Amino acid sequence: DAENSELRRALSAFQLVFVGIGAIIGTGIFVLSGLAAAKNAGPAVTLSFVIAAIAAAFAALSYSEMASMIPVAGSAYTYAYATMGEFVAWTIGWDLILEYMVGAATVGVGWSGYFVKFFAVASGGKIQFAKSWTTPTLTWTENPASISYDEGHYFNVPGFVIIMLITIILVIGIRQSALFNLIVVSIKLLVILIFIFALAGFMYKPNYDPYIPPNTTGDWHFFGVPGIFAAATTVFFSYIGFDAVTTAALEAKNPQRDLPIGIIGSLTISTVLYLAFCTIMTGAAKYTDFLNSPTPASVAVEAVMQRTGKNFEWLNILVAIGAVCGLTSVLLINLLGQSRVFYAMAQDGLLPPMFAKVHPKFKTPWIATLTIGFITAVLSAILPVDLLGNMTSVGTLLAFFVVHLGVIVLRFTRPE
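Residue numbers 951 to 1366, in the numbering used here, belong to the letters of the sequence shown in order.
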């Protein structure tokens, strides 16, 4: 399959690293870092990121080994097919499709929020979008679990539109998609670095005291050492995405060499940036300030402005731009990943053959891409972010488990 692929081999190791970074750095750094600090670990959230990185590294090593041995599109689905047969592969294939779909829809809702915030901040509050067209149709209540129609919230238009635009870019071609990803990831990384260096001189030592807040509630996941591990389970979501590198195997120039570089390289760079970002963020503002805020970087900037009187409004605008770019790249890679799994399953006869059709001009699986993109856009428009977020991690953990198991199976069945 790898040799007879109709897809265009256009991705270098450098571009694959950016594919990985595009998928990894997004929701975790711009949303989850502050929530994990406020609810679980305090300033010690940096240790939580280290623990999560170690766990992700084990998964990354298994993915790297499988990618070098089986350099075919489809990620965990293909590895399951090659090592454990058709039924397991069919199950994990649908698991991956739903994981990427729900993940992309989640990010679409978040993208809409940052998009609205950017215009509000940049215009000084003059540009405001109607809430009825920027929030999902349905509302989710966790305790007791229920979903209901939110009267007055019609359709999340920005979330729907951005997903459809990225879907069209993916249909046009992998080279264009890679270039678009390179641009938005570069902007995202630049904004993160500017944030780190701009606030590095404004750290407030009392914000780090205590570094590990004591557990005073009796509930194990609120602060203390157990809270660090509880936060690690939350921020682990920040590292999922490196597996998307393997879905582009048939479009890599030298997959056996470049895929492991893309996986390990993107995970390493992302970890360093996460640690630096969290250190600056929790030093700029007290960890309790991040409670119930989906924009922790903005909270940190505003805390520095209040404490020092300096004008960092430009940084607030930059952070909003970085968040929009960051979430855009995550959307692109998630949509790329699920369309390639769809394509691989159709090639193996587990989905209708029309999903394996490659566009004669663009050399992309256009029917699979458009189908997946439209369904994801609709989910993003009508479902709330908390419901979508709760559905994402289970699929990821199952995929990781299958890849680990696949490596063990190959150790015994194909040791060479």
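Glycine included, each C-beta is placed from N, C-alpha and C at the ideal position. Please read these numbers as outputs of a predicted model, since none were measured by experiment.
Next item on the list: Pull up the CB-CB distance for residue 1174 and residue 1195, whole angstroms please, since I reckon it's below 8 Å.
Entry: Actually they are not in contact, since the Cβ atoms of residue 1174 and residue 1195 sit about 36 Å apart, beyond 8 Å.
Notebook entry, point to check: DSSP three-state call for residue 1093: helix, strand or coil?
Noted result: Note on residue 1093: pLDDT 49, under 50, position unreliable in the model; the coordinate value appears next. If DSSP states are grouped into helix, strand and coil, residue 1093 belongs with coil.
Notebook entry, point to check: So the alpha helix (DSSP H) residue 1205 belongs to, where does it begin and stop?
Noted result: 1205–1234
Check: How about residue 945 and residue 1226: do their beta carbons lie closer than 8 Å?
Finding: Here the chain covers residues 951 to 1366 and nothing more, so residue 945 does not appear.
Next item on the list: To the nearest angstrom, report how far apart residue 1232 and residue 1325 are at their CA atoms.
Entry: 38 Å
Check: Given residue 1179, which residues of its chain have a CB within under 7 Å of its CB, disregarding the five upstream and five downstream residues?
Finding: 1001
Check: How about residue 1123 and residue 1312: are their beta carbons less than 8 Å apart?
Finding: yes
Next item on the list: Take residue 1193 as the anchor and find which of 1200, 1207, 1214 and 1223 has the nearest alpha-carbon.
Entry: 1214
Notebook entry, point to check: Using DSSP with H/G/I as helix, E/B as strand and the rest coil, what is residue 1120?
Noted result: helix
Item checked: Pairwise C-alpha distance: residue 1309 and residue 1182 -> 42 Å
Margin query: Could you check whether the segment 1107–1115 touches the segment 1244–1263, counting it as contact only if at least three pairs of C-beta atoms, one from each stretch, sit closer than 8 Å?
Written below: no
Item checked: Straight-line Cα distance separating residue 1025 from residue 1080 -> 40 Å
Check: Excluding the five sequence neighbours on either side, which residues of its own chain have a C-beta within less than 8 Å of the C-beta of residue 1164, listed in chain order?
Finding: 1173 and 1174
Next item on the list: Report yes or no: do the segment 994–1009 and the segment 1250–1268 share at least 3 C-beta pairs separated by less than 8 Å?
Entry: no
Item checked: C-beta contact flag for residue 1241 and residue 988 at 8 Å -> yes
Notebook entry, point to check: Can you list, in chain order, the residues of its chain whose CB lies under 8 Å from that of residue 992, leaving out five sequence neighbours each side?
Noted result: 1160, 1161, 1162, 1163, 1173, 1177, 1232 and 1237
Notebook entry, point to check: Who are the near neighbours of residue 1230 in its chain, counting only those whose CB is closer than 8 Å to its CB and skipping five residues on each side?
Noted result: 1145, 1146, 1149, 1150, 1153 and 1250
Check: Alpha carbon to alpha carbon, how far is residue 1066 from residue 1078?
Finding: 7 Å
Margin query: Going by C-alpha to C-alpha distance, which of 969, 1085, 1042 and 1064 sits closest to residue 1328?
Written below: 1085
Check: Grouping DSSP H, G and I as helix and E and B as strand, with all else coil, what is residue 1331?
Finding: helix
Check: Which whole-angstrom value is the C-beta distance of residue 1291 and residue 1027, which I expect to be below 8 Å?
Finding: 5 Å
Note to self: Quick test of your reading: residue 1347 and residue 1042, contact by CB under 8 Å. State the CB separation rounded to the nearest angstrom.
What the structure shows: Actually they do not touch by this definition, with Cβ atoms about 12 Å apart.
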